[in-house]
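Chemist: For reference, the structure I am asking about is given below.
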Amino acid sequence: SNCAGPWVKPFLQAFLDGVGRELGLLPPIDSTGLGVGSPATFLHSASAPTSAVSKKKEGRKNGLVQRDKNVERSVKERTASNREGVKAAAGSDEEKGVFKRMLKTVGETVLSESESFGHAYVPYLQRSIELPTKAGTIDDAGDIGIGSLSSLVKTFKLNTILIWYAMILEKRVLIYAPTSSAASILSCSTPMLLGSIGSATLASLTPYVSLHDLTPIYSACFICGCTNPLFISKKDWYDALCDSVSGTVTMSGGFAAKITSRDKSFMKKVIQGVEKQKGEEWVRNQFRAHTSAFLTSLSEGRLKAKGYSSILKGVAETTLYSRYATEDMPEFLDLRRDRPDSLKRQKSSDSESVFSRVSPVMSPVQRRRLMEERAEEEEEERARG
Numbered sequence: 001s002n003c004a005g006p007w008v009k010p011f012l013q014a015f016l017d018g019v020g021r022e023l024g025l026l027p028p029i030d031s032t033g034l035g036v037g038s039p040a041t042f043l044h045s046a047s048a049p050t051s052a053v054s055k056k057k058e059g060r061k062n063g064l065v066q067r068d069k070n071v072e073r074s075v076k077e078r079t080a081s082n083r084e085g086v087k088a089a090a091g092s093d094e095e096k097g098v099f100k101r102m103l104k105t106v107g108e109t110v111l112s113e114s115e116s117f118g119h120a121y122v123p124y125l126q127r128s129i130e131l132p133t134k135a136g137t138i139d140d141a142g143d144i145g146i147g148s149l150s151s152l153v154k155t156f157k158l159n160t161i162l163i164w165y166a167m168i169l170e171k172r173v174l175i176y177a178p179t180s181s182a183a184s185i186l187s188c189s190t191p192m193l194l195g196s197i198g199s200a201t202l203a204s205l206t207p208y209v210s211l212h213d214l215t216p217i218y219s220a221c222f223i224c225g226c227t228n229p230l231f232i233s234k235k236d237w238y239d240a241l242c243d244s245v246s247g248t249v250t251m252s253g254g255f256a257a258k259i260t261s262r263d264k265s266f267m268k269k270v271i272q273g274v275e276k277q278k279g280e281e282w283v284r285n286q287f288r289a290h291t292s293a294f295l296t297s298l299s300e301g302r303l304k305a306k307g308y309s310s311i312l313k314g315v316a317e318t319t320l321y322s323r324y325a326t327e328d329m330p331e332f333l334d335l336r337r338d339r340p341d342s343l344k345r346q347k348s349s350d351s352e353s354v355f356s357r358v359s360p361v362m363s364p365v366q367r368r369r370l371m372e373e374r375a376e377e378e379e380e381e382r383a384r385g
């Protein structure tokens, strides 16, 4: 589906592997983090039938054959029906229960049938299983359905601002957590640090990556969650490693960011707000305003005095900033609307008085063009006078 982010397929594949292991359809994970053999090999070795008759008897005995038929039949029925959300997520009652329990660990909103769902088809045991998936977009509140910015701040505290720097610089961000659900929630929370323009980073988001498929790691910019400690030792795989166990952010690959006094003041306010339970929406609004203030000040050349000079060049060269400065996408307009009043440019000359008539949602390019048009009008008036 076009409404589901590109991260959905690998995430659901990892999720379905977990379902298979809980049901006994797939082998357990060994000490290296890899499964013991393929699904087909595992199923064959589990029953080892010698004939069609013995295969049928063995299937009846352990329930695999009947369950397999139930899954196949239910998939066909769902394809022909109107796809009833979560009710169509699994074939048998046992599988449906497993799906619901595992989905619950990555966010209650995934199971809400009142939300808008896309549909993803994931290959599983030689067949395609359809799953309802929450749309991978950030709405007006900065929510992508799975994630909690408050949890991210609680986990990394002051170091959260380093993750923000990595995001604004379009770096390779790897988030390590002991469980796949924790890794998924934290990685899905990360784009919210940028407010509404975080939706521009969803193409590089993979909530869970494993050694089975390292394709996302090869990208020049990504946000990935992982549970295998092996990733931590591979410093050439990331620019920022966010360890949820220790709450630290390790920088690598030439990425360097310093926490300024202004950053400390901002994060102190956010951390205190989280501790006082001001709510998820309050936390998101703080980072939306912070991102808006940063990009607006950068576009107006007012960041050097604020201690941001070390990363100015890097941010100015990113695709994210280029789109902010030149495009009129809704998410970028929303961010400009969030700009604090204290950042509105003051009148300093007749030629700049036009800013009093400029909408705060205009891009820097639009503002510049309007100023030029105003200057031309004034010049024509003087020529006529």
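Residue 346 in UniProt numbering sits at position 346 of the sequence shown; the count goes up by one each step and never skips. No residue lacks a Cβ here, since even glycine has one placed at the ideal position from N, Cα and C.
1) Run through DSSP, which three-state label would Gly-314 get?
2) When you compare only the Cα positions, how much space is there between Leu-202 and Ile-217?
3) In the DSSP assignment, find the beta strand (DSSP E) that holds Met-192 and state where it starts and stops.
4) Leu-162 lies in the alpha helix (DSSP H); which residues open and close that run?
5) Ordered along the chain, which non-local residues of its own chain (more than five positions away) have a Cβ less than 6 Å from that of Lys-171?
6) Let me make sure I understand the geometry here. Which of Ala-183, Ala-182 and Val-270 has the alpha-carbon closest to that of Ser-150?
7) For Thr-155, does the count of other Cβ atoms within 10 angstroms reach 16, so buried, or fall short, so exposed?
8) For a quick check, are the C-beta atoms of Thr-248 and Phe-222 less than 8 Å apart?
9) Could you tell me which residues DSSP pairs with Ile-175 in its beta bridges?
10) Would you say the region 169 to 186 touches the region 277 to 294, given that touching needs at least three Cβ pairs under 8 Å?
11) Is Val-249 helix, strand or coil by DSSP?
12) For the candidate residues His-212, Glu-376 and His-290, whose alpha-carbon lies nearest to that of Met-192?
13) If you draw a straight line from the alpha carbon of Glu-376 to that of Glu-300, how long is it in whole angstroms?
14) Among Lys-276, Ala-325 and Asn-285, which residue has its Cα nearest to the Cα of Ser-297?
15) Per the DSSP calculation, Asp-213 is bridged to which residue(s)?
16) May I ask which residues mark the beginning and end of the alpha helix (DSSP H) holding Trp-237?
17) Leaving out the 5 sequence neighbours to the left and right, which residues in its chain are closer than 6 Å to Thr-190 when beta-carbon positions are compared?
18) For my contact list, Ile-311 and Ser-244 are in at a C-beta cut-off of 8 Å; report their separation, rounded to the angstrom.
19) Keeping to the same chain, check which residues put their C-beta closer than 8 Å to that of Gly-273; ignore five residues upstream and five downstream.
20) When the Cα atoms are used, what is the spatial distance from Leu-169 to Ala-257?
21) Here's the rule: buried if 16 or more other CB atoms are within 10 angstroms of the residue's CB, otherwise exposed. What is Gly-225?
22) Measuring alpha carbon to alpha carbon, tell me which residue in Ala-200, Ala-383, Tyr-208 and Thr-318 is nearest Ala-177.
23) Apply the 10 Å Cβ neighbour rule to Asp-263 and answer buried if 16 or more other Cβ atoms are within range, or exposed otherwise.
24) Only counting the same chain, and skipping five residues up and downstream in sequence, which positions put a Cβ closer than 6 Å to that of Trp-237?
25) My understanding is that Ile-259 touches Leu-162, with C-beta atoms under 8 Å, so please give their C-beta distance in whole angstroms.
26) Which residues in the same chain as Ala-220 place their Cβ atom closer than 6 Å to its Cβ, once the five residues preceding and following it in sequence are excluded?
27) Strictly by DSSP, which residues pair up with Leu-205?
28) Using the rule of at least 16 other Cβ atoms within 10 Å of the residue's Cβ for burial, across every protein chain shown, is Gly-253 buried or exposed?
29) Less than 8 Å between the CB atoms is what I'm expecting for Leu-214 and Asn-228, so what's the real figure, rounded?
30) Taking all protein chains shown into account, decide if Arg-288 is buried (16 or more other Cβ within 10 angstroms of its Cβ) or exposed.
31) Can you check whether the CB of Ala-200 is closer than 8 Å to the CB of Leu-320?
32) Determine, using beta carbons only, whether Met-251 comes closer than 8 Å to chain C.
33) Is the beta carbon of Met-267 closer than 8 Å to that of Leu-158?
34) Please confirm whether Cys-242 and Val-315 have their CB atoms less than 8 Å apart.
35) Classify Leu-230: buried if its beta carbon has 16 or more other beta carbons within 10 angstroms, exposed otherwise.
Modeler: On the basis of the data shown:
1) helix
2) 15 Å
3) Per DSSP, Met-192 is not a residue of any beta strand (DSSP E), being assigned neither H nor E.
4) 160 to 168
5) Asp-239, Ala-240 and Phe-255
6) Val-270
7) buried
8) no
9) DSSP, once it has assigned bridges, lists Gly-225 and Cys-242 as partnering Ile-175.
10) no
11) strand
12) His-290
13) 22 Å
14) Ala-325
15) Ser-210
16) First-last for Trp-237: undefined, no H or E at that position.
17) Ile-223
18) Contact flag wrong, Cβ pair sits at about 24 Å.
19) Trp-282, Val-283 and Gln-286
20) 10 Å
21) buried
22) Tyr-208
23) buried
24) Ile-217
25) About 7 Å separates the two Cβ atoms, so the contact holds.
26) none
27) According to DSSP, Leu-205 bridges with Ile-223.
28) exposed
29) Incorrect: roughly 11 Å between the Cβ atoms, too far for contact.
30) buried
31) yes
32) Note that chain C does not occur in the displayed structure, where there is just one protein chain.
33) Result yes, Cβ atoms of Leu-158 and Met-267 sit closer than 8 Å.
34) For the 8 Å CB-CB criterion, Cys-242 and Val-315 do not form a contact.
35) That one is exposed.
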